[in-house]
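Asks:
2 protein chains.
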Amino acid sequence: MRVLGVDPGLTRCGVGVVEGVAGRPLTMIGVGVVRTPADADLGHRLVAVEQGIEQWLDEHRPEFVAVERVFSQHNVRTVMGTAQASAVAILCASRRGIPVALHTPSEVKAAVTGSGRADKAQVGAMVTRLLRLAAPPRPADAADALALAICHIWRAPAQNRLQQAVALHTAAATRTAPHTKGRTA
Amino acid sequence: MRVLGVDPGLTRCGVGVVEGVAGRPLTMIGVGVVRTPADADLGHRLVAVEQGIEQWLDEHRPEFVAVERVFSQHNVRTVMGTAQASAVAILCASRRGIPVALHTPSEVKAAVTGSGRADKAQVGAMVTRLLRLAAPPRPADAADALALAICHIWRAPAQNRLQQAVALHTAAATRTAPHTKGRTA
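Chain order of the listed sequences is A and B. Residue numbers for the first sequence follow UniProt numbering, beginning at 1 and rising by one. Residue numbers for the second sequence follow UniProt numbering, beginning at 1 and rising by one.
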């Protein structure tokens with residue numbers, strides 16, 4: 001599977017594309033940062049984020065998009081910008097019918113380092129190792145985007161198994177229903 | 001001037017179009033609510049908000065869009081949805097080159113009721129009076145969207161005067177600069 005990870009932000013929106021399946025070596029397809037000028041007005045910044053994400057979707061055609069789930073932080077101004085940039089990324093993917101998954105920062109850290117409280121350097125080091133890169137991707141937002149994509153690939157089998165179980169259960173219930181009805185009629 | 005006011009929200013996004021200028025009776029052109037199902041996933045909800053806003057822009061061709069400025073509130077989940085819906089509204093307008101203004105809830109309340117701490121009923125009553133409606137628009141989100149549009153029309157002259165003063169000052173500085181240079185050369 002090919003996944004675009006997005007670490008949302010107005011000033012720097014990290015983007016990284018990873019291809020692979022759980023249990024096999026992963027491949028980095030691309031990594032970068034969509035930047036918007038801090039002195040531009042919010043509308044222009046959101047349009048620039050949209051254009052940047054659209055370019056990454058056009059160029060790399062991911063099957064899934066994984067976006068960091070935004071939580072309220074201490075800095076309200078920052079969290080608003082992050083929430084708004086994430087909305088644009090989710091909108092761009094959903095408009096194309098690409099499934100979007102949200103992963104929390106601690107899920108991502110736990111997936112790539114084994115600890116939900118790992119620091120940025122540790123995440124960068126593991127991303128570098130897992131994707132067999134020569135050096136950690138810079139800035140940290142780019143590394144975080146790759147970590148999101150890796151997290152999604154590794155968590156997907158569990159999520160798929162859960163979905164399959166639900167689908168099987170639903171199908172079984174549907175098959176059973178008319179039969180039961182037939183017996184009681 | 002024709003202004004589309006947007007009271008952003010994922011479950012109910014209030015929209016209202018008002019036409020007029022400060023100091024003259026105002027006219028309501030349209031009012032409504034863009035709704036998205038609470039059980040749909042975030043991506044589908046944002047796409048639905050985008051489609052709704054686009055329809056209002058297509059149908060009413062506003063010259064300005066006024067959106068409520070989102071602050072962090074007690075309920076983090078709600079404020080995230082509000083920030084994300086506002087991002088979509090701002091994006092839709094900015095993509096078309098329509099200027100977007102953000103007004104705080106207290107600016108809007110102060111503009112239409114004289115008090116920044118007015119309650120919803122008071123805002124609804126004043127919107128009804130100012131637009132000469134038969135009854136307060138329902139739900140409250142729709143009335144708030146109209147109040148935002150009214151606020152923008154009434155605040156615009158002051159903002160325009162400020163912009164004109166800045167423009168005049170800049171132009172004067174530009175005119176002065178070559179003259180001074182000429183004298184010292």
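We put the CB at the ideal spot given by N, CA and C, even for glycine.
1. Could you tell me which residues DSSP pairs with A66 (chain B) in its beta bridges?
2. Under the DSSP definition of a beta bridge, which residues are partnered with G32 (chain B)?
3. Do we get a CB-CB distance below 8 angstroms when we pair Q55 (chain B) with the residues of chain A?
4. Step through the CB atoms of chain B and report whether any lies within less than 8 angstroms of the CB of E63 (chain A).
5. State yes or no: is the beta carbon of G43 (chain A) nearer than 8 angstroms to at least one beta carbon in chain B?
6. Identify the continuous alpha helix (DSSP H) that holds A48 (chain A) and give its terminal residues.
7. Rounding to the nearest angstrom, what Cα-Cα distance links R35 (chain A) and R12 (chain A) in this structure?
8. Verify whether the separation of the beta carbon atoms of L146 (chain A) and V18 (chain A) is less than 8 angstroms.
9. Taking only the alpha-carbon atoms, compute the straight-line gap between L130 (chain A) and A110 (chain A) and give it to the nearest angstrom.
10. At which residues does the alpha helix (DSSP H) containing A125 (chain A) begin and terminate?
11. Comparing alpha-carbon positions, which option in B:T128, B:V67, B:G97, B:G23 lies nearest L4 (chain B)?
12. Look at the alpha carbon of I150 (chain A) and the alpha carbon of A83 (chain B), and state the distance between them as a whole number of angstroms.
13. With contact counted as at least three CB pairs below 8 angstroms, one residue from each stretch, are the segment 37-54 of chain B and the segment 86-106 of chain A in contact?
14. Check each residue of the segment 78-91 of chain A: if its Cβ is closer than 8 angstroms to any Cβ of chain B, include it; give the result in chain order.
15. Output yes if chain A places a C-beta closer than 8 angstroms to the C-beta of V100 (chain B); else output no.
16. Since D7 (chain A) contacts D141 (chain A) with CB under 8 angstroms, what's their CB separation in whole angstroms?
17. Please classify V21 (chain B): is it buried, with 16 or more other beta-carbons within 10 angstroms of its beta-carbon, or exposed?
18. With distances taken from CA atoms, which of B:G16, B:H169, B:P37 is nearest I53 (chain B)?
Replies: Once the coordinates are examined:
1. Looking at the DSSP assignment, A66 (chain B) forms a beta bridge with B:G5, B:A101.
2. According to DSSP, G32 (chain B) shares a beta bridge with B:V15.
3. Look at Q55 (chain B): its C-beta is not under 8 angstroms from any C-beta on chain A.
4. Interface with chain B (8 angstroms Cβ-Cβ cutoff): E63 (chain A) is excluded.
5. Yes, contact with chain B.
6. Where A48 (chain A) is concerned, the enclosing alpha helix (DSSP H) starts and stops at 42-60.
7. In a straight line, the C-alpha of R35 (chain A) is about 5 angstroms away from that of R12 (chain A).
8. Yes, these two residues count as a Cβ contact at 8 angstroms.
9. Roughly 14 angstroms between the two C-alpha positions.
10. Note, A125 (chain A): alpha helix (DSSP H), 120-130.
11. With distances taken between Cα atoms, L4 (chain B) lies closest to B:V67.
12. Distance between the alpha carbons of I150 (chain A) and A83 (chain B) is about 28 angstroms.
13. Of all C-beta pairs linking the segment 37-54 of chain B to the segment 86-106 of chain A, three or more are shorter than 8 angstroms, placing the two stretches in contact.
14. Listed by position, the residues of the segment 78-91 of chain A near chain B (Cβ gap below 8 angstroms) are V79, M80, A83, Q84, A85, S86, A87, V88, I90, L91.
15. Judged by the 8 angstroms Cβ criterion, V100 (chain B) is in contact with chain A.
16. Rounded, the Cβ-Cβ distance is 5 angstroms, consistent with contact.
17. Flag for V21 (chain B) reads exposed.
18. Ranked by Cα distance from I53 (chain B), the first of B:G16, B:H169, B:P37 is B:G16.
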